[in-house]
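S.K.:
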DNA sequence: TTGAAAGCGCTAACAC
DNA sequence: GTGTTAGCGCTTTCAA
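Protein chains in written order, with this note's numbering: chain B, 33 to 364; chain D, 33 to 364.
(1) Counting beta carbon pairs with one atom in the segment 299 to 314 of chain D and one in the segment 331 to 344 of chain D, are three or more of them shorter than 8 angstroms?
(2) Alpha carbons only, please: which of B:209, B:270, B:36, B:121 is nearest the one belonging to residue 157 (chain B)?
(3) Check each candidate in B:200, B:219, B:98, B:254 and name the one with the smallest Cα separation from residue 341 (chain B).
(4) List the residues of chain B that residue 151 (chain D) touches, going by C-beta distances under 7 angstroms, in chain order.
(5) Quick check: the segment 133 to 153 of chain D against the segment 62 to 82 of chain D, are there 3 or more CB pairs under 8 angstroms?
(6) For a test of the three-state rule: what should DSSP assign to residue 33 (chain D), helix, strand or coil?
(7) Looking at the structure shown, is residue 15 (chain B) part of a helix, part of a strand, or coil, going by DSSP?
(8) Can you list, in chain order, the residues of its chain with a C-beta nearer than 6 angstroms to that of residue 311 (chain B)? Leave out the 5 residues immediately preceding and following it.
(9) Go through the segment 178 to 253 of chain B residue by residue and report every complete run of the alpha helix (DSSP H) that reaches 4 residues or more, in order.
(10) Would a check of beta-carbon distances place residue 288 (chain D) closer than 9 angstroms to chain B?
(11) Taking the C-alpha atoms as reference points, what is the distance between residue 197 (chain B) and residue 69 (chain D)?
(12) Assuming residue 217 (chain B) and residue 275 (chain B) make a contact with CB atoms under 8 angstroms, what is their CB distance in whole Å?
(13) So the candidates are D:301, D:53, D:211; which of them puts its Cα closest to the Cα of residue 268 (chain D)?
(14) Within the same chain, show all residues whose beta-carbon is closer than 8 angstroms to that of residue 233 (chain D), passing over the 5 residues directly before and after it, in chain order.
(15) Would residue 146 (chain B) pass as an interface residue toward chain D - the criterion being a Cβ-Cβ separation below 9 angstroms?
(16) For residue 356 (chain B), name the three-state secondary structure that DSSP assigns.
(17) Quick check: what's the CA-CA separation for residue 338 (chain B) versus residue 50 (chain B)?
(18) Does the segment 240 to 259 of chain B touch the segment 276 to 285 of chain B, meaning 3 or more C-beta pairs lie closer than 8 angstroms?
(19) Out of B:347, B:150, B:192, B:135, point me to the one whose CA is closest to residue 176 (chain B)'s CA.
(20) Quick one, which residues of the segment 230 to 258 of chain D are near chain B if we go by CB-CB under 9 angstroms, in chain order?
(21) Rounded to the nearest angstrom, what separates residue 360 (chain B) and residue 162 (chain B) at their Cα positions?
(22) Between residue 339 (chain D) and chain B, is any beta-carbon pair separated by less than 9 angstroms?
(23) Rounding to the nearest angstrom, what Cα-Cα distance links residue 286 (chain D) and residue 262 (chain D) in this structure?
(24) Whose C-beta lies closer than 7 angstroms to the C-beta of residue 63 (chain D) among residues of the same chain, with five residues either side of it excluded?
(25) Closer than 9 angstroms by beta-carbon distance: list the chain D residues that pair up with residue 132 (chain B), in chain order.
(26) Going by beta carbon distance, what residues of the same chain come within less than 6 angstroms of residue 356 (chain B), once the five residues before and after it are set aside?
(27) Can you check DSSP and say which residues form a bridge with residue 323 (chain B)?
(28) Buried or exposed: where does residue 288 (chain B) fall if 16 or more other Cβ atoms within 10 Å of its Cβ makes it buried?
(29) Output needed for residue 327 (chain D): all residues of its chain with C-beta closer than 6 angstroms, excluding positions within five of it in sequence on either side, in chain order.
(30) Could you have a look at residue 20 (chain B) and say whether DSSP puts it in helix, strand or coil?
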């Protein structure tokens, strides 16, 4: 932030006032064409760009939004899901000429004061973590605009989520329709709404078809590949002939366990995942999975946040995005 | 950024001046114990935190640093390598109470003006991309503090890198020492210094042992799993009995291709990767690979940047981190 | 040890 | 259509 040209200097060079330069910079009306022309030329030549700290102070708006993924989820940050979400959020910020601040570290308690500082961020995207996280409740008590990524456990929260229950239902129904009898599930962390909702969808589909829910056919992982592998190892003892994994990474782990056991997919055990992430899907056998619109989720969340920033947090906004079953090889 | 308590308000409540409150907030000397006590109590009660835009304007320092990974690399952002690097950078910022701004999108040309705005960032971490990227050259012409992540193709650049040549050399030598004759390589994008350096290490190791370099044993991927798979498919025609892949993702793809061809690892074909990323390594067979200290790389880069910000870009700083060969199952 | 006052660079209300 | 001026909230001389 070295010494540099400022409005004043441009004004002198163009023999006009600071205000006029400001008007030109911000594309406001009421500047004569000749003057605008002259000032623009000088701005061009000098490469002048208004100082953002000064503008933020004056405008009470920084054009920075934060993305917060706190500790309880950080271990999973290496999941390609987050990379993709992050990318879409970043792209949307770029498109609207906003800056994205990233908060990956920190316990909900210690990170909170950093999120509530004045003069840094206009608003925040809060990635859902464990249901018991206190951060959401705390944020609700502030007047800071924020949007939740996932289904919140509190009311009065604006959020964007995907239809996890329907997705899991689709996946399970698909397996049922393939005449499989013993349909296992590898759940994600059930202390997250995502994990719980996908489990719910599985349960619902079974119930609709009058298939009893059997404990020994249900394992719990934490969305990681290795946890899917381990859960499947366990489930193999119960001889399932199909398995719904709550995300693609765990499905991939399950496939590995099934293949190592000398069983074939989908002949001996059919597999369906959830996410439709290219790296997980493209291995062989190609994964049948539930596609969720990650990019749209990121974009919607950012745009919803801009709306909250501009128009206030009332009324509360919800967007739940549709999912789609993509049938490939692993389900037969 | 709603109306809120400011220094002035605290000052009134404590019956002191703004200056005194500022001194207390910034832990400066020359405030009497009683006054300090009194002011602190009120700050505590009100939850006052100084406005960062105002502070930035005054101090000419924002305590924000940027991480820039531009378009040419963005497709690879889903590589767990970047997730891990990102995480370590984020953690280090957190530790030093700085904010991290993330720039994932944008052509080098269009992103440049956004990086050079005054009053936004104190400095920048620039992830290496394609060698021909013009961003590095442009940054060099500015007075903005920055540190390059990877080996730069220009001189006068402060950077942090890992010893890619030695790593690839270690991997290849290891395969040679196992008495393999036909040692293939799956290179990463050779238009990146990382890809080129790892190729260089492979070449060097062969030469040292008097093994001729054979074109038909060398494939090129782009660091993605699928590209490793495809490159291996091709290479299998040349009947290699070992292969060095320039990263773990490609190694994983190669393993898949080898196994699908009905060959066993390491018996028929030995495989060595590069990165030592848990998700890639933990599948079976466990991957022999070159471990690079990603977390240390992130931390070093951030700390180097702080140093550049504080003390100027001269002298130029370099840190090249050591790598280590981790022998597991896939190399026999 | 404390307070008064200037000013960081910008925008916008108001006056001309 | 253009300029003057008053701050935004903070830190920091400088004076008391």
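Built from N, CA and C at the ideal position, the CB exists for glycine as well. This one's a predicted model, so the numbers in the text were calculated from it and none came from an experiment.
M.R.: Quick answer:
(1) No, the segment 331 to 344 of chain D is not in contact with the segment 299 to 314 of chain D.
(2) Taking the Cα of residue 157 (chain B) as reference, the smallest distance to any Cα among B:209, B:270, B:36, B:121 is reached at B:121.
(3) Between residue 341 (chain B) and the set B:200, B:219, B:98, B:254, the nearest pair of CA atoms involves B:98.
(4) In chain order: 33, 83, 84, 85, 86.
(5) Here the segment 133 to 153 of chain D does not lie against the segment 62 to 82 of chain D, with fewer than 3 beta-carbon pairs under 8 angstroms apart.
(6) Only weak support is given to the placement of residue 33 (chain D): the predicted model assigns it a pLDDT of 45, under 50, and the value that follows is read from those uncertain coordinates. Residue 33 (chain D) falls in the coil class under three-state DSSP.
(7) Outside the shown range of chain B (33 to 364) lies residue 15 (chain B), about which nothing can therefore be said.
(8) These residues qualify, in order along the chain: 112.
(9) The segment 178 to 253 of chain B contains these whole alpha helix (DSSP H) runs: 196 to 209, 225 to 240.
(10) Yes - at least one Cβ of chain B is within 9 angstroms of the one on residue 288 (chain D).
(11) Distance between the alpha carbons of residue 197 (chain B) and residue 69 (chain D): 54 angstroms.
(12) Residue 217 (chain B) to residue 275 (chain B), Cβ: 7 angstroms. Contact.
(13) Of D:301, D:53, D:211, the residue nearest in Cα terms is D:301.
(14) For residue 233 (chain D), same chain residues with a beta-carbon under 8 angstroms away, outside a window of 5 residues either side, are 196, 197, 198, 199, 200, 201, 202, 203, 204 in chain order.
(15) For residue 146 (chain B), the answer is yes, since a Cβ of chain D falls inside 9 angstroms of its Cβ.
(16) Looking at residue 356 (chain B) - three-state DSSP - the assignment turns out to be strand.
(17) Rounded to whole angstroms, residue 338 (chain B) to residue 50 (chain B) spans 30 angstroms at the Cα level.
(18) By the criterion of at least three beta-carbon pairs nearer than 8 angstroms, the segment 276 to 285 of chain B is in contact with the segment 240 to 259 of chain B.
(19) Comparing Cα-Cα distances from residue 176 (chain B) to each of B:347, B:150, B:192, B:135, the minimum goes to B:150.
(20) Result list: 256, 257, 258.
(21) Whole-angstrom Cα-Cα distance: 32 angstroms.
(22) So, not an interface residue.
(23) The straight-line gap from Cα to Cα measures roughly 8 angstroms.
(24) Same-chain partners within the cutoff: 52, 55, 56.
(25) Neighbours of residue 132 (chain B) on chain D, chain order: 133, 134, 135, 136.
(26) Cβ within range, chain order: 323.
(27) Under the DSSP definition of a beta bridge, residue 323 (chain B) partners with B:307, B:356.
(28) Buried, since its Cβ has 16 or more Cβ neighbours within 10 Å.
(29) The residues are 120.
(30) Here chain B covers residues 33 to 364 and nothing more, so residue 20 (chain B) does not appear.
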